[in-house]
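Chemist: Can you keep this structure in mind? I'll have questions shortly.
Number of protein chains: 2
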Amino acid sequence: MWLVILYLLFGDAQSGLSTVTGRIENVINERTTLIENEIKMMFGSDINLSDSEEKVNEIIMNLKHEELDIGFEEPQLFNVSKHFFEYKDEIKKSKLFQLIKQMPKGAILHAHDTGILSPDYVLQLTYWENLYVCFEGDDLRFLFSKSIPTDTCDSQWQLLRDTRFSSGDVEIFDAKLRKYFTLVIDKPNEVYTDINLVWNAFQNYFIRTTSLICYKPVWEQYFYDVLKALREENVMYIEIRSTLPELYDLDGNVFDSVVTAQSYKNVLDRFLVDYPDFYGAKLIYAPLRMVDASTVKNYIEIAKEIDYTIPGFLAGFDLVGQEDLGAPTKEFLEELVEGRKYLQYFFHAGETNWNGMSTDENLFDAIVLGTKRIGHAFALSKHPILIDEIKKRDIAIEVNVISNNVLKLVDDVRNHPLASFLAQNLPVVLSSDDPGIWEADILSHDFYVTFVGVASRHADLRLLKKLALNSLYYSTVKNKDKLVHEFEIRWTRFIDSVIKNSW
Amino acid sequence: MWLVILYLLFGDAQSGLSTVTGRIENVINERTTLIENEIKMMFGSDINLSDSEEKVNEIIMNLKHEELDIGFEEPQLFNVSKHFFEYKDEIKKSKLFQLIKQMPKGAILHAHDTGILSPDYVLQLTYWENLYVCFEGDDLRFLFSKSIPTDTCDSQWQLLRDTRFSSGDVEIFDAKLRKYFTLVIDKPNEVYTDINLVWNAFQNYFIRTTSLICYKPVWEQYFYDVLKALREENVMYIEIRSTLPELYDLDGNVFDSVVTAQSYKNVLDRFLVDYPDFYGAKLIYAPLRMVDASTVKNYIEIAKEIDYTIPGFLAGFDLVGQEDLGAPTKEFLEELVEGRKYLQYFFHAGETNWNGMSTDENLFDAIVLGTKRIGHAFALSKHPILIDEIKKRDIAIEVNVISNNVLKLVDDVRNHPLASFLAQNLPVVLSSDDPGIWEADILSHDFYVTFVGVASRHADLRLLKKLALNSLYYSTVKNKDKLVHEFEIRWTRFIDSVIKNSW
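Line by line, the protein sequences give chains A and B.
Per my numbering, the first sequence starts with residue 37, numbered consecutively.
Per my numbering, the second sequence starts with residue 37, numbered consecutively.
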């Protein structure tokens, strides 16, 4: 008995518990274990790296730590904590950025069709034949037409080619015109002072470019060039969201949403012949949410028709537009419960700063409606119960970090809830929303910003690879083995090239 | 057998599962249950309100919803999502703010002594006799002295009274002088462009006011007036952090930290005689962290001496200063493991935007060192494992929302991690850090901003009451029953007065 007591009192002396060194060791061990457990738990931790990957990882981590350490010492030099417009070109100089650019990034699962390509690209569309322009106040409207359009115009319709060449200076004219195709401005924080202002500018881009891009030949060229740009960005597959606007041609024909969807499918087929190494694309029909219930019912009918007409091309259905101003999803519950029998859902939800307001609670609707993925889910970290549901139901979160910065949800991406999603190893896919409108590269900027600015200093190549793999896993592609296999080929090639070119 | 199959196939038809209405009902029920479960789980949900409290709750929630709904419609009108300086005076007009001002708020568990009172208060200290000033470049130094100080001065020491009255215009002179005692400026986001800049200005306040406030008679008056201000703010108790600087008097005496602590105790005793309804105060010795290990060892010796000299007055120990620039806690592990035998810890940790950097990992050190509470823990949401530890060990998080906004951790408080802490019902106490330096009311602004800007729209009076109760529960006061009983008396009086005055 006494021996037991003695042991309890002093027995640990040798293992250190009652000595100074022992106590310190214990605390250090506890600290180390906690940190290790955290690293073991984080997003990407289940990936095992090959020897070659380990070498690339070392290169990547050296570059990352160097950039972080400079920022830690002098925070004013840490670019990605600022507004995206202030550093978007600057970081292209980063070696790490260039490396990420080369990296196969899997798929894009959250992007809106006409917001993908850059203002430079859109500008060159204005060089197409038969394009008329009408300058109205501070804005303008486009229309392709054989002759002067008869649509009302506050000033007058002019052939854009004539206006451009009679402007005196084509360069200045084009520079002015280009501004209509981008949100990028100097001092964004002084101009876009609240979320509605920036959303207004954002939505005006779509309104302004509709008649330009919805000209059927342009539409098809635009999508072809989207696919080309994705391929060049080392993205192999896309599930593209579209409002499927009506298209038109020079003969006065106007085509409905089903034709728009069909034209996407035709372009895709053509592209896959030209570039057989590209994996493919599917469509998420995502019309505007600022409507009434009967319109939503009609949307669902359109989606069903598309699915019937073009079997296998429609991934599913969503609703888009500024959540805070649009109708909350719960107003369409009846229609969406019915639609669920025919459609998979990929709802935008919780793209908001508000807590407990209707837009925030769209997260609940998305989940109970059986959404396969959630667009943004920015507000998710405020809903622990929904985090559990998302894990349980394996619903992916489509995160768009730069979009959330530009559209004023978060000023410093280090505060983006993605940091906590990654720490908890939630099913995250990373995407770019409308990269063209803020002049981001199609996916590289979002990957870079996430890796350097959002994720932990400890997060490494495994995080990047997992982001790519998740974008395949949470896609609607049926044959995942083939998809992942094709990715692995590209990935191995990338790893080898990094080692070979001794970055 | 067939009956069973038939039942399985159709038996739910009546309960609705296979009818349209039934399916919709099920989805609505699931939605409602999830939202209800979330509300049941959130911070404050364990509080039961009396009938009178329910009445007050209704008043409060009407006011809150009104403010939120205006902001939701027109976000530019939603003040608390902006920089604190832009709305701090404006919200004093809010009826809800005035109500919160009246509300008993329990204790302040995280505030730094010389940062508590307003610039107007500090300005009036410069009217004291025997105060000399030395203007140096853009800055100035103070010193109380019987005759012209012999300390070096880049210009010359002048009796402040003479300078003021020979300035031509006392009002202008005082307005200029006042600027040295506040961080508040116009367009803060354009001036304080990074965290180091604002921390520099912040720390200069402390350096600049040291010789002014460390004059022993001023020191004692300042603390007396802190206690008075707390009482007027309906705060009943404080655990005040102090670096315990050396005090001095006109006779050339310089007093060490133990005397400084003693002078606090003396003032407290005097105050409690004058205002016996005030509950009390304790001291957290919190010297600067930007030091070496041997200095920390010395700090601990000082703390032990204070605890020995003034039994029961010392709540514990902490280290202060900008975490990102100071030494990480792990450098002092050895000293702090030893100190733990004698002292309770209340470490600042994770007051940073960085993820996985040394400052972020101070959170691990604080926890393994057995801290009773954590100051700020802003980075905690990035560490799910530590969230579990905090729950398990019942470590309180001392959140200071407005401080985090002013000191540039978060631009829009709707993104403050406190929102997620409250949703998860973590042990939160709300405090104000250095309210005087940003001209906030001692605790009301932080309560208001948390209630309207951070917490869910659904969070009600129970959240406010729980914040107050937690500040008592997580204090080091031994007789919690007495403390809570005294709070309840004040609370009931408040509830009755709101009803009586029909807000």
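A virtual CB, placed ideally from N, CA and C, is assigned to each residue, including glycine.
Kindly list the residues whose CB is nearer than 6 Å to the CB of residue 343 (chain B), restricted to its own chain and excluding five residues on each side of it in sequence; keep chain order.
Modeler: 350
Chemist: Could you tell me which of A:70, A:224, A:235 sits nearest to residue 124 (chain A), measuring between CA atoms?
Modeler: A:224
Chemist: For residue 196 (chain B), which three-state DSSP category applies?
Modeler: helix
Chemist: Check whether the Cβ of residue 229 (chain A) lies closer than 9 Å to any Cβ atom in chain B.
Modeler: It does: the Cβ of residue 229 (chain A) has a partner Cβ on chain B nearer than 9 Å.
Chemist: What residues from chain A crowd round residue 59 (chain B), counting only those whose CB sits closer than 7 Å?
Modeler: 373
Chemist: With a threshold of 16 other CB atoms inside 10 Å of the CB of residue 385 (chain B), please say whether the residue is buried or exposed.
Modeler: buried
Chemist: Mind checking whether residue 147 (chain A) and residue 346 (chain A) have CB atoms under 9 Å apart?
Modeler: no
Chemist: Answer with buried or exposed for residue 113 (chain A), where buried requires no fewer than 16 other C-beta atoms within 10 angstroms of its C-beta.
Modeler: exposed
Chemist: In this structure, what does DSSP give as the bridge partners for residue 544 (chain A)?
Modeler: With chain A represented from 37 up to 539, any question about residue 544 (chain A) goes unanswered, as that position is not in the structure.
Chemist: Residue 137 (chain B) and residue 269 (chain B) - do their beta-carbons sit closer together than 9 Å?
Modeler: yes
Chemist: Compute the Euclidean distance between the alpha carbons of residue 348 (chain B) and residue 320 (chain B), then round it to the nearest angstrom.
Modeler: Distance between the alpha carbons of residue 348 (chain B) and residue 320 (chain B) is about 12 Å.
Chemist: Within 9 Å (strictly less), CB to CB, does residue 403 (chain B) reach chain A?
Modeler: Proximity of residue 403 (chain B) to chain A, defined by a Cβ-Cβ separation below 9 Å, is satisfied.
Chemist: Roughly how many angstroms separate the alpha carbons of residue 316 (chain B) and residue 461 (chain B), rounded to a whole number?
Modeler: 28 Å
Chemist: Classify residue 251 (chain A) as buried or exposed, calling it buried when 16 or more other Cβ atoms lie within 10 Å of its own Cβ.
Modeler: buried
Chemist: What's the C-alpha gap between residue 533 (chain A) and residue 267 (chain A)?
Modeler: 18 Å
Chemist: Please list the terminal residues of the continuous alpha helix (DSSP H) segment that includes residue 122 (chain B).
Modeler: 120–123
Chemist: Note down, in chain order, each residue of its chain lying with its Cβ closer than 6 Å to the Cβ of residue 258 (chain A), except the 5 sequence neighbours on either side.
Modeler: 249
Chemist: Mind listing, in chain order, the continuous beta strand (DSSP E) runs of no fewer than 3 residues lying wholly within the region 244–317 of chain B?
Modeler: Restricting attention to beta strand (DSSP E) runs no shorter than 3 residues, the region 244–317 of chain B encloses them at 271–278, ordered along the chain.
Chemist: Is there contact here, the region 60–69 of chain B with the region 480–490 of chain B, by at least three beta-carbon pairs under 8 Å?
Modeler: no
Chemist: Using beta carbons (cut-off 9 Å, strictly below), is residue 45 (chain A) in contact with chain B?
Modeler: At residue 45 (chain A), the pLDDT of 46 sits below 50, so the modelled position is not reliable; the number obtained from the coordinates is stated separately. False, the Cβ-Cβ gap to chain B never drops below 9 Å.
Chemist: Starting from the Cα of residue 405 (chain A), find the closest Cα among A:423, A:439, A:365 and give me that residue.
Modeler: For residue 405 (chain A), the nearest C-alpha among the options comes from A:365.
Chemist: With a threshold of 9 Å between beta carbons, is residue 148 (chain A) in contact with chain B?
Modeler: no
Chemist: Which runs of the beta strand (DSSP E) spanning at least 3 residues fall entirely within the region 348–420 of chain A, listed in chain order?
Modeler: Fully enclosed beta strand (DSSP E) runs of 3 or longer: 350–353, 409–412.
Chemist: Can you tell me whether residue 86 (chain B) is buried or exposed, with buried defined as 16 or more other CB within 10 angstroms of its CB?
Modeler: With fewer than 16 other Cβ atoms within 10 Å, it is exposed.
Chemist: Taking the straight line between their C-alpha atoms, what separation do you get for residue 169 (chain A) and residue 284 (chain A)?
Modeler: 16 Å
Chemist: Check this for me: beta carbons of residue 261 (chain B) and residue 145 (chain B), under 9 Å apart or not?
Modeler: no
Chemist: Anyone know if the C-beta pair for residue 495 (chain A) and residue 80 (chain A) falls short of 9 Å?
Modeler: yes
Chemist: Inspect the beta-carbon positions of residue 442 (chain B) and residue 490 (chain B) and report whether they are closer than 9 Å.
Modeler: no
Chemist: Under 9 Å, Cβ to Cβ, is there at least one residue of chain A near residue 233 (chain B)?
Modeler: It does; some Cβ of chain A falls within 9 Å.
Chemist: Is any beta-carbon of chain A found at less than 9 Å from that of residue 239 (chain B)?
Modeler: no
Chemist: Residues in its own chain within less than 8 Å of residue 463 (chain B) by CB, not counting five upstream and five downstream?
Modeler: 426, 427, 430, 431, 432, 433, 506, 510
Chemist: Rounded to whole angstroms, what's the CA-CA distance from residue 536 (chain B) to residue 528 (chain B)? Just pull it up for me.
Modeler: 12 Å
Chemist: Could you work out which residues of chain A lie near residue 244 (chain B), taking near to mean beta carbons separated by less than 8 Å?
Modeler: Within 8 Å Cβ-Cβ: nothing; residue 244 (chain B) doesn't reach chain A, min ~23 Å.
Chemist: Return the residue from the list A:531, A:337, A:516, A:474 that minimises the CA-CA distance to residue 155 (chain A).
Modeler: A:474
Chemist: What do you reckon, are the CB atoms on residue 411 (chain A) and residue 387 (chain A) nearer than 9 Å?
Modeler: yes
Chemist: Check residue 320 (chain B) in the structure and name its three-state DSSP category.
Modeler: strand
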